[in-house]
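Going by the numbering used here, the first residue of the sequence shown is number 17, and it counts up by one from there.
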Amino acid sequence: MKYVTVGQASIDRVLHEDGTVGRTNIGGPGVFGYAGIRLFDDDVQMILNTAEDFDHYYGSWIRRNDVNTDALYTCYDKTHLFECTYREDGSYIYIQPNYTVRQITNRGTEYGWTNVRPEQIDRHSKDCEGLYLFIEPYYKHFYKELKKIKDRNGFKVMYEIGILKGDDYDRDYIREILNILKPEMASLNHNEACEFFETENTEEIFNNIYDMGFDMFFYRCGNKGSCVLHDNDAVFVRAIDIPGETAKDPTGCGNTSTAAAMWAWLNTGDPLMTAILANIAAGFNVASEGVISDLSRENRELAFKLARDFYLEYLKEYPSYKDKGYECDPDALINRLSDR
């Protein structure tokens, strides 16, 4: 497969601030990322360590969308449930049950099995061009091995940096991991970036990102849209709604759009088209409860039509984009993308 997504599989439930409880939905970064690419391209595979009850939750979605399961490994007992509450600024907090010390130890040990191993990535990335990665916890040996695999197999990495607002983490340690892996692409959302760079000034944040030397950085702005940063320049694109759909659940929009941004960037090298396709993927995700439910040919055609129309609309509003040196021909871009 040309594109691979790596991360956990989990089921998610939103606890609303008014006390109501949302549905339990399938999710997990590796699965959300897969859907973000699969919306546009069949040549994608997710590498997951799964639980014995995985088919109970994901089976109908997998069969309905003809999802490739060759890189799924059953390694533990029960799919992890994450409960979270969203704040007004779009950030969220995980709800932690009152576990005993033994329960915490057992859960932590089992959670470790949700992380795929380097040899699994190596096995399934021989012909890979782009790998989307969201994996935790942070341990340097994994990234040292992944760097060797990346260099040997010749793919590029989109690394979604895992930071939770208000969490306790070591910025220098994360920078060390980034220096080890040297991903070509990376992503944070605005709240995460404010935490990481210890400022709420967007210009300062962008300058810090430029200094880190990524070929492309996907900067997520929640329900406002996203920015693609490349060559000391930022292109912002507002959020894109899917006609006839309403927002249901924002969970996974970051994973979905980040993986889509990787795919779009590797296939176009165009910041505007990259942000548009990523935002469209997020639009499909927020209109679903959990992972994008319908990865059909019809939705793919709709996604590409929306991308073409929005690109033309953007050029009318911001004609100076044509001076940046990109192709700026959405029909040609979409024709190449849809022929894949």
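Note that beta-carbon positions come from the ideal geometry of N, C-alpha and C, so glycine has one too.
With DSSP run on the structure shown, which of helix, strand or coil describes residue i?
{"i": "A250", "result": "strand"}
{"i": "Y127", "result": "helix"}
{"i": "Y235", "result": "strand"}
{"i": "G241", "result": "strand"}
{"i": "H96", "result": "strand"}
{"i": "Y74", "result": "helix"}
{"i": "C144", "result": "coil"}
{"i": "N84", "result": "coil"}
{"i": "L31", "result": "strand"}
{"i": "I50", "result": "A small correction: the amino acid at residue 50 is Tyr; Ile does not occupy that position in the sequence shown. Y50: helix per DSSP, three-state reduction."}
{"i": "A202", "result": "strand"}
{"i": "S273", "result": "helix"}
{"i": "I196", "result": "helix"}
{"i": "I137", "result": "helix"}
{"i": "S336", "result": "helix"}
{"i": "T101", "result": "strand"}
{"i": "T342", "result": "First, the amino acid is wrong: residue 342 is Tyr here, not Thr. Coil at Y342, not helix or strand."}
{"i": "I256", "result": "coil"}
{"i": "T90", "result": "strand"}
{"i": "R187", "result": "helix"}
Distance, Cα to Cα, residue i vs residue j?
{"i": "N295", "j": "R254", "result": "8 Å"}
{"i": "D86", "j": "I256", "result": "33 Å"}
{"i": "W281", "j": "G241", "result": "17 Å"}
{"i": "D345", "j": "E33", "result": "45 Å"}
{"i": "I193", "j": "Y73", "result": "33 Å"}
{"i": "G23", "j": "E333", "result": "38 Å"}
{"i": "R236", "j": "C269", "result": "10 Å"}
{"i": "T90", "j": "E126", "result": "12 Å"}
{"i": "N205", "j": "E99", "result": "20 Å"}
{"i": "F56", "j": "G44", "result": "19 Å"}
{"i": "E214", "j": "H246", "result": "22 Å"}
{"i": "N301", "j": "I292", "result": "14 Å"}
{"i": "V37", "j": "D28", "result": "11 Å"}
{"i": "E133", "j": "N65", "result": "Checking the sequence shown, residue 133 turns out to be Arg, not Glu. Those two C-alpha atoms are separated by around 9 Å."}
{"i": "I109", "j": "G238", "result": "15 Å"}
{"i": "E145", "j": "D93", "result": "33 Å"}
{"i": "A51", "j": "L311", "result": "7 Å"}
{"i": "T95", "j": "K172", "result": "29 Å"}
{"i": "F222", "j": "V47", "result": "29 Å"}
{"i": "R313", "j": "P335", "result": "32 Å"}
{"i": "E220", "j": "C210", "result": "10 Å"}
{"i": "D170", "j": "A202", "result": "Before going on, a small fix: residue 170 reads as Gly here, not Asp. G170 and A202: Cα-Cα distance of roughly 17 Å."}
{"i": "I308", "j": "N84", "result": "16 Å"}
{"i": "H157", "j": "G124", "result": "19 Å"}
Let me know if residue i comes out buried or exposed under the rule of 16 or more other beta-carbons within 10 Å of its beta-carbon.
{"i": "N54", "result": "As written in the sequence, residue 54 is Arg, which differs from the Asn given in the question. That one is buried."}
{"i": "E317", "result": "exposed"}
{"i": "L197", "result": "buried"}
{"i": "D286", "result": "buried"}
{"i": "Y155", "result": "exposed"}
{"i": "K166", "result": "buried"}
{"i": "D265", "result": "buried"}
{"i": "R324", "result": "buried"}
{"i": "E208", "result": "buried"}
{"i": "M278", "result": "buried"}
{"i": "M289", "result": "buried"}
{"i": "N271", "result": "buried"}
{"i": "S76", "result": "exposed"}
{"i": "D228", "result": "First, the residue type needs correcting, since residue 228 is Met and not Asp in the sequence shown. Flag for M228 reads exposed."}
{"i": "Y327", "result": "buried"}
{"i": "E261", "result": "exposed"}
{"i": "N248", "result": "exposed"}
{"i": "Y175", "result": "buried"}
{"i": "I200", "result": "Inspection of the sequence shows that residue 200 is occupied by Glu rather than by Ile. Under this definition E200 is a buried residue."}
{"i": "T101", "result": "exposed"}
{"i": "A348", "result": "exposed"}
Tell me the residue span of the alpha helix (DSSP H) that contains residue i.
{"i": "A294", "result": "287 to 302"}
{"i": "T66", "result": "Taken as a continuous stretch (DSSP letters only), T66 belongs to no alpha helix (DSSP H), being part of the beta strand (DSSP E) at 60 to 67."}
{"i": "F222", "result": "218 to 227"}
{"i": "L328", "result": "313 to 333"}
{"i": "S309", "result": "No alpha helix (DSSP H) contains S309, which DSSP labels as neither H nor E."}
{"i": "R352", "result": "346 to 354"}
Would you give the residue range spanned by the beta strand (DSSP E) that residue i belongs to?
{"i": "T21", "result": "19 to 22"}
{"i": "R39", "result": "37 to 43"}
Just to confirm, does residue i get its C-beta within under 7 Å of one of the non-hydrogen atoms of the ligand MG?
{"i": "I151", "result": "Although the ligand MG was asked about, the structure shown includes no ligands whatsoever."}
Query raised in the report: What runs of the beta strand (DSSP E), each 3 residues or longer, lie entirely inside the stretch 147 to 178?
Result: 172 to 176
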